[in-house]
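Heads up: the structure comes next, in structure tokens.
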Amino acid sequence: MSTDARPTTTPIPTPTAPAPDILRCAYMELVVTDLAASRAFYVDLLGLIVTEEDENAIYLRTMEEFIHHNLVLRQGPVAAVAAFSYRVRTPEDVDRAEAWYQELGCRTERRTDGFVKGIGDSVRVEDPLGFPYEFFFEVEHVERLAWRYDLYGAGALVRLDHFNQVTPDVPRACRYMEDLGFRITEDISDSDGVEYAAWMRRKPTVHDTAMTGGNGPRMHHVAFATHEKHNIIYICDKMGALRMSDRIERGPGRHGVSNAFYLYILDPDGHRVEIYTQDYYTGDPDNPVVRWDVHDNQRRDWWGNPVVPSWYTEASLVLDLDGNAKPVVDREDPSEMDVTIGADGFSYTRAGDEGGSYHGEAAKGFKLGNQL
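Written as structure tokens, this is what we have:
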């Protein structure tokens with residue numbers, strides 16, 4: 001456990017207007033540089049369902065989804081994220097989102113017929129952290145395939161689970177997201193009060209998005225859920241059989257944070273995708289926040305396996321509302337990688353084990369690791 005994070009020095013003002021009632025993360029719009037290669041990755045490899053497509057874009061959904069899509073792949077010159085999109089509870093909440101961000105002085109754009117196919121009245125904003133957010137209610141319904149076991153594959157992706165965003169100032173990001181109605185479920189910090197990452201939710205799971213400390217604004221990953229661990233293992237086996245093991249960046253493994261079983265893979269443009277399963281319920285109003293010490297060897301991988309440096313340093317660009325890449329600002333606080341070198345040599349397994357007496361291991365269960 002760790003102490004509370006330091007207060008941010010540059011807080012984002014809290015609007016007087018009511019925040020929109022956000023239900024869940026709903027879809028991401030990704031710009032890709034080779035639409036055919038991306039289709040092969042997301043459809044042929046991962047089995048996402050094509051709702052519709054044309055020469056410029058592909059609309060994809062998971063097996064249990066009933067709205068038009070969870071992922072839009074759009075052909076473009078620079079690989080980046082065009083929108084982190086959230087569904088809100090009522091049509092009036094789109095109005096509330098627009099007013100809320102306008103009070104903050106953020107740029108907003110409203111389209112009553114939507115920005116993409118299958119989505120109606122929407123507002124997109126450049127939020128105070130530099131991310132392109134979208135809020136919508138109206139949506140085209142499509143067939144939910146939850147009962148179509150004739151279509152299920154061994155690695156079936158059943159839901160969009162969450163986003164993960166990279167931002168330089170995690171406390172500032174968290175306070176802003178709390179104003180927007182998100183609640184923190186877990187975080188990573190240290191005894192000096194440095195906050196390295198936080199997991200935040202609207203739906204009653206561990207997160208709809210996470211704020212990861214680093215150079216940003218960038219997108220760390222988009223995550224899709226499977227039903228069970230064996231679905232993830234199948235994806236690994238399939239990638240091995242297709243000689244795509246170099247696209248497996250990290251895992252499979254078990255997170256300490258979130259308790260979920262995970263796999264991280266890279267699409268043809270380097271966009272990171274997490275395959276994720278078996279986290280836990282967080283919907284009660286007094287759900288306790290889980291706080292992890294940044295030096296805990298098991299926070300990122302419950303089995304203590306090292307985290308590859310690319311997982312900390314590489315992420316996708318994000319776009320402004322004109323389609324231009326947002327400039328990346330360096331993090332000034334210490335980086336998680338620098339203070340722990342992932343999950344090896346400078347972390348502990350058992351706090352207080354100064355003598356390393358457990359089975360003759362080094363002090364605190366240090367692992368030498370292999371990434372220096």
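Following UniProt numbering, the numbering of the sequence shown begins with 1 at its first residue and continues without gaps. Just so it is clear, CB atoms sit at the ideal spot from N, CA and C, and this is done for glycine as well.
| query | result |
| --- | --- |
| In angstroms, rounded to a whole number, what distance separates the CA positions of Val194 and Trp147? | 46 angstroms |
| Among all the DSSP beta bridges, which residues are the ones paired with Thr212? | Val166, Ala197 |
| In three-state DSSP terms, what is Gly240? | helix |
| Quick check on Gln298: does DSSP put it in helix, strand or coil? | coil |
| Ignoring anything shorter than 4 residues or poking outside the region 8 to 69, list the alpha helix (DSSP H) runs there in chain order. | 35 to 39 |
| Please go through the same chain and pick out, in chain order, the residues whose beta-carbon is closer than 8 angstroms to the beta-carbon of Ala223, but skip the five residues on each side of it. | Leu160, Asp161, His162, Phe163, Asn164, Val273, Glu274, Ile275, Tyr276 |
| Considering only C-alpha positions, which residue in the set Pro204, Gly120, Arg250, Tyr281 is nearest to Pro91? | Gly120 |
| Please say whether Ser316 and Gly213 have beta carbons closer to each other than 8 angstroms? | no |
| Judging by CA-CA distance, which residue of Glu134, Asp127, Arg87, Asp296 is the nearest neighbour of Arg110? | Glu134 |
| Please state whether DSSP places Gln75 in a helix, a strand or coil. | strand |
| According to DSSP, is Tyr312 part of a helix, a strand, or is it coil? | helix |
| To the nearest angstrom, how far is it from the Cα of Arg61 to the Cα of His69? | 4 angstroms |
| Per DSSP, Glu109 forms a beta bridge with which residues? | Arg124 |
| Closer than 7 angstroms by C-beta to Val158: which residues in its own chain qualify, once you throw out the five before and the five after it? Chain order, please. | Thr62, Met63, Glu64, Ala225, Thr226, His227 |
| Sorted by chain position, which residues of the same chain lie with C-beta nearer than 6 angstroms to Val125's C-beta, five sequence neighbours on each side aside? | Tyr101, Cys106, Thr108, Tyr133 |
| Given a cut-off of 8 angstroms on the beta-carbon distance, is the pair Tyr59 and Lys117 in contact? | yes |
| Under a Cβ-count criterion, where at least 16 other Cβ atoms within 10 Å of its own Cβ denotes burial, should Ala82 be classed as buried or exposed? | buried |
| Tell me, please, which residues DSSP counts as bridged to Tyr262. | Gly253, Tyr276 |
| Per DSSP, Ile88 forms a beta bridge with which residues? | According to the sequence provided, residue 88 is Val. The question's Ile does not apply to it. Answer is Ile22. |
| Under the DSSP definition of a beta bridge, which residues are partnered with Ala325? | Leu319 |
| CA-CA distance, Asp21 and Gly181? | 7 angstroms |
| With DSSP collapsed to three states, give me the class of Arg183. | strand |
| Work out the CA separation of Ile12 and Pro18 for me, nearest whole Å. | 15 angstroms |
| My guess is that Ile188 and Trp292 are in contact by the Cβ rule of under 8 angstroms, so how many angstroms apart are they, rounded? | 5 angstroms |
| Would you say the beta carbon of Arg299 is closer than 7 angstroms to some non-hydrogen atom of the ligand MN? | The ligand MN is absent from the structure shown, which contains no ligand whatsoever. |
| Given a cut-off of 8 angstroms on the beta-carbon distance, is the pair Met211 and Val170 in contact? | yes |
| If I follow the unbroken beta strand (DSSP E) through Asp338, where does it start and stop? | Per DSSP, Asp338 belongs to no beta strand (DSSP E); it is in the alpha helix (DSSP H), 336 to 340. |
| CA-CA distance, His220 and Ala197? | 12 angstroms |
| Taking just the CA atoms, how far does Ala260 sit from Met28? | 21 angstroms |
| Decide if Phe136 is buried, meaning its Cβ has at least 16 other Cβ atoms within 10 Å, or exposed. | buried |
| My guess is that Leu154 and Asn231 are in contact by the Cβ rule of under 8 angstroms, so how many angstroms apart are they, rounded? | For the sequence presented, residue 154 should be read as Ala rather than Leu. Indeed, because the Cβ distance is near 7 angstroms, the residues count as touching under 8 angstroms. |
| Are the beta-carbon atoms belonging to Tyr348 and His271 less than 8 angstroms from one another? | no |
| Which residues does DSSP list as the beta-bridge partners of residue 378? | Residue 378 is absent from the model: the chain starts at 1 and stops at 372. |
| With DSSP collapsed to three states, give me the class of Trp292. | strand |
| Going by the beta-carbon positions, is the gap between Arg218 and Val339 smaller than 8 angstroms? | no |
| Can you give me the C-alpha to C-alpha distance between Leu71 and Leu48, rounded to a whole angstrom? | 9 angstroms |
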